[in-house]
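A.B. asks: Each residue of the sequence shown is one higher than the last, beginning at 19 in this note's numbering.
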Amino acid sequence: MFLSLAVAASANSIGYPSVAAALDALKARPGVAVTVQEGWTIADDKANGTLWSFAPEWHPAYPAVVRRTVVNADGQPLIKMNTLCQGAREACDALADEFRRVNAALQEALTAPKPSAATPWKPSASQKARVEELSKAYFADKDAQRYREAWLRLGPAARQDASFEAWRSRAAGAAAKAGPVQQRELKKVTIYRSSQSGAPATYAAVDFTGRFANADTYCGYLVWSEQADGSFLLVREEENYIYKATDAQLTPEQRSKMRGVYRCVE
19 MFLSLAVAAS ANSIGYPSVA AALDALKARP GVAVTVQEGW TIADDKANGT
69 LWSFAPEWHP AYPAVVRRTV VNADGQPLIK MNTLCQGARE ACDALADEFR
119 RVNAALQEAL TAPKPSAATP WKPSASQKAR VEELSKAYFA DKDAQRYREA
169 WLRLGPAARQ DASFEAWRSR AAGAAAKAGP VQQRELKKVT IYRSSQSGAP
219 ATYAAVDFTG RFANADTYCG YLVWSEQADG SFLLVREEEN YIYKATDAQL
269 TPEQRSKMRG VYRCVE
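#1: Would you mind reading off the limits of the alpha helix (DSSP H) that contains residue 212?
#2: What are the start and end residues of the alpha helix (DSSP H) that includes residue 65?
#3: With burial defined as no fewer than 16 other Cβ atoms inside 10 Å of the residue's Cβ, what is the status of residue 222: buried or exposed?
#4: Out of curiosity, what's the CA-to-CA distance linking residue 278 and residue 226?
#5: Alpha carbon to alpha carbon, what distance is there between residue 176 and residue 219?
#6: Going straight from the alpha carbon of residue 231 to that of residue 147, what length do you get?
#7: By DSSP's criteria, residue 255 is part of a beta bridge. Which residues make up the other side?
#8: Check whether the region 150-163 and the region 182-200 are in contact - that is, three or more C-beta pairs closer than 8 Å.
#9: Is residue 2 helix, strand or coil when you go by DSSP?
#10: Taking CB distances under 8 Å as the criterion, tell me whether residue 186 reaches chain C.
#11: Over what stretch of residues does the alpha helix (DSSP H) that includes residue 39 continue unbroken?
#12: Note down the Cα distance separating residue 183 from residue 92, rounded to an integer number of angstroms.
Here it is as structure tokens:
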């Protein structure tokens, strides 16, 4: 896999002495489109085939910028990446690792052979690994009450359904009722293509089960949508609980039927 990475806090790393200087220069450059996506400032320099990603102020690595350019190397697309990070070293290392993973998924998509009628589409191992990692990180954020970080993993449509305050209130209420998490397991990851919303898109459904202090039965699923850059955003979530007070009144048959209604994966 072709992947080039350079990480340094110097003028040579991105061509500017600071993150702020880079952003100011790009904003002033004709032909560079600057937008804000999920809190990140994105500068798209199409003329040079370069995408700049500036970390938001709440990010632990702030101020930081990642520059990525797709070039041709011996007939193969090559992603060149440079990072200028002026935050804490540990946060900068984590930022670089995160973009390495995104780049790896994008690189695989760029170099993969085009599917033909005789070759059905199949998900890649890196897609599955990425979805599993994101799902665990999302649950870890919620369990640790890092609700802002968890909410930012949602896609635009999901975040339009409710404000952050309303979403956080529901999540915190559910956590308080269920009690501390005791166990959670990702049971199944299904990656598929769908055209129901128009253009073909890639989705990942993650079935999970677990147990909380106040609920021995806990199951549900997450649905992630793959973005153009190879990242995934959460578009749907369903969590179901059978609390101990209710469970104590159920027969084994009733309990099994409820798990069936909730589509709990064994």
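Note that beta-carbon positions come from the ideal geometry of N, C-alpha and C, so glycine has one too. Note that the structure is a prediction, hence the values are computed from the model and not measured.
C.D. replies: Looking at the coordinates:
#1: In the sequence shown, counting from the first residue as 1, residue 212 sits at position 194. First-last for residue 212: 199-212, but that is the beta strand (DSSP E), not the alpha helix (DSSP H).
#2: Taking the first residue of the sequence shown as 1, we reach residue 65 at position 47. Careful: residue 65 lies outside any alpha helix (DSSP H) and carries neither H nor E.
#3: Translated into positions along the sequence shown, residue 222 becomes position 204. Residue 222 should be labelled buried.
#4: One-based indexing of the sequence shown puts residue 278 at position 260. One-based indexing of the sequence shown puts residue 226 at position 208. Whole-angstrom Cα-Cα distance: 14 Å.
#5: Here residue 219 refers to the residue found at position 201 when the sequence shown is read from its first residue. Here residue 176 refers to the residue found at position 158 when the sequence shown is read from its first residue. Approximately 17 Å, taken between the alpha carbons.
#6: Here residue 231 corresponds to residue number 213 of the sequence shown, with the count starting at 1. Here residue 147 corresponds to residue number 129 of the sequence shown, with the count starting at 1. Cα-Cα distance, rounded: 29 Å.
#7: Locating residue 255 in the sequence shown gives position 237, where the first residue counts as 1. As DSSP reads the structure, residue 255 sits in a beta bridge with 240.
#8: yes
#9: There is no way to answer for residue 2, as the model of the chain reaches only from 19 to 284.
#10: No chain C is part of this structure, which consists of one protein chain only.
#11: Walking along the sequence shown from the start, residue 39 turns up at place 21. It spans 37-46 - the alpha helix (DSSP H) in which residue 39 sits, taken as one unbroken run.
#12: Indexing the sequence shown from 1 puts residue 183 at position 165. Indexing the sequence shown from 1 puts residue 92 at position 74. If I take the Cα positions, the gap works out to 51 Å.
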